[in-house]
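Below is one structure, written out as structure tokens; the observations come after it.
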Amino acid sequence: MQEVMMVLKDLPYDMWVDGMGKTVNSMYTDHQEHPYLRSIREFKAAKRSFNPVRTSSAREKARQGQVIITTSGMLDGGPVLHYLKDQKDNDKSAVMLVGYQAENSNGRLLKEEGRVETIQDGPMKIRCEVMTFDLSAHADHDQLLHFIKGCQPEKVVLMHSDNREELAQDLEGDYEVLMPMPGDYFEL
Numbered sequence: 033m034q035e036v037m038m039v040l041k042d043l044p045y046d047m048w049v050d051g052m053g054k055t056v057n058s059m060y061t062d063h064q065e066h067p068y069l070r071s072i073r074e075f076k077a078a079k080r081s082f083n084p085v086r087t088s089s090a091r092e093k094a095r096q097g098q099v100i101i102t103t104s105g106m107l108d109g110g111p112v113l114h115y116l117k118d119q120k121d122n123d124k125s126a127v128m129l130v131g132y133q134a135e136n137s138n139g140r141l142l143k144e145e146g147r148v149e150t151i152q153d154g155p156m157k158i159r160c161e162v163m164t165f166d167l168s169a170h171a172d173h174d175q176l177l178h179f180i181k182g183c184q185p186e187k188v189v190l191m192h193s194d195n196r197e198e199l200a201q202d203l204e205g206d207y208e209v210l211m212p213m214p215g216d217y218f219e220l
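Going by the numbering used here, the first residue of the sequence shown is number 33, and it counts up by one from there.
Structural data, given as structure tokens:
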């Protein structure tokens, strides 16, 4: 999300940012000692170019905006599904996927079949343009193992991955590994 915001920051459009990424954006600006972004100054300028969605009335305004950036969760939940539902038949709209879309995720389903499945609305055919850009920040298998072992968590929750079973197997014995399915609830 942050890289996309920096790419788009100078465009003369009504731009909005929604989803959990708003919290991450604040973390980047609050903890500048960690150089996760190529330029914190550029990112701060990008943040000023976007209207944050903080209320339901702001979300209504965002729906009329020209650019909406929201965390996708691979299109498996969150506000992105509301925006998809609003724009799915609009030939002037486009969905731009900028990250990795795991197998069995709505993001992959959209890329391959032009549709998504939601618990609330069931199958939805997406007729607006779908574009893919490779800006993924996802770690590979070995990087994930290294990160998890460095954190020493009590539990590891694997939400989506191309092969989460293999990762779970490599973590087995050292950690309690949870692999919830859509709709499952668990307590941390």
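By construction, the Cβ of each residue, glycine as well, lies at the ideal position given by its N, Cα and C atoms.
Item, Value
"8 angstroms Cβ cutoff met for M156 and T150", "yes"
"Assigned exposure category for M106 - 16 Cβ within 10 Å defines buried", "buried"
"Neighbourhood of Q34 by C-beta, 7 angstroms cutoff - its chain only, sequence neighbours within 5 removed", "N57, Y60, L69 and F75"
"Residue burial classification, A94 (beta-carbon count within 10 angstroms, cutoff 16)", "buried"
"Assigned secondary structure, G182 (DSSP; H/G/I helix, E/B strand, else coil)", "helix"
"Opposing strand residues paired with T102 [DSSP bridges]", "D50"
"Beta-bridge pairing of A200 - partner residues as DSSP gives them", "Note: A200 sits in no beta bridge, so no partner."
"Helix, strand or coil at T87 according to DSSP, with G and I counted as helix", "coil"
"Member of P214, P185, L129 and G215 whose CA lies at the smallest distance from the CA of L203", "P185"
"T55 classed as buried or exposed, judged by whether at least 16 other C-beta atoms fall within 10 angstroms", "exposed"
"Separation of G139 from D109, as counted between CA atoms", "Reading off the sequence, residue 109 comes out as Gly, not Asp. Taking the straight line joining both Cα atoms gives about 11 angstroms."
"Short Cβ contact (8 angstroms threshold) for L190 with M211", "yes"
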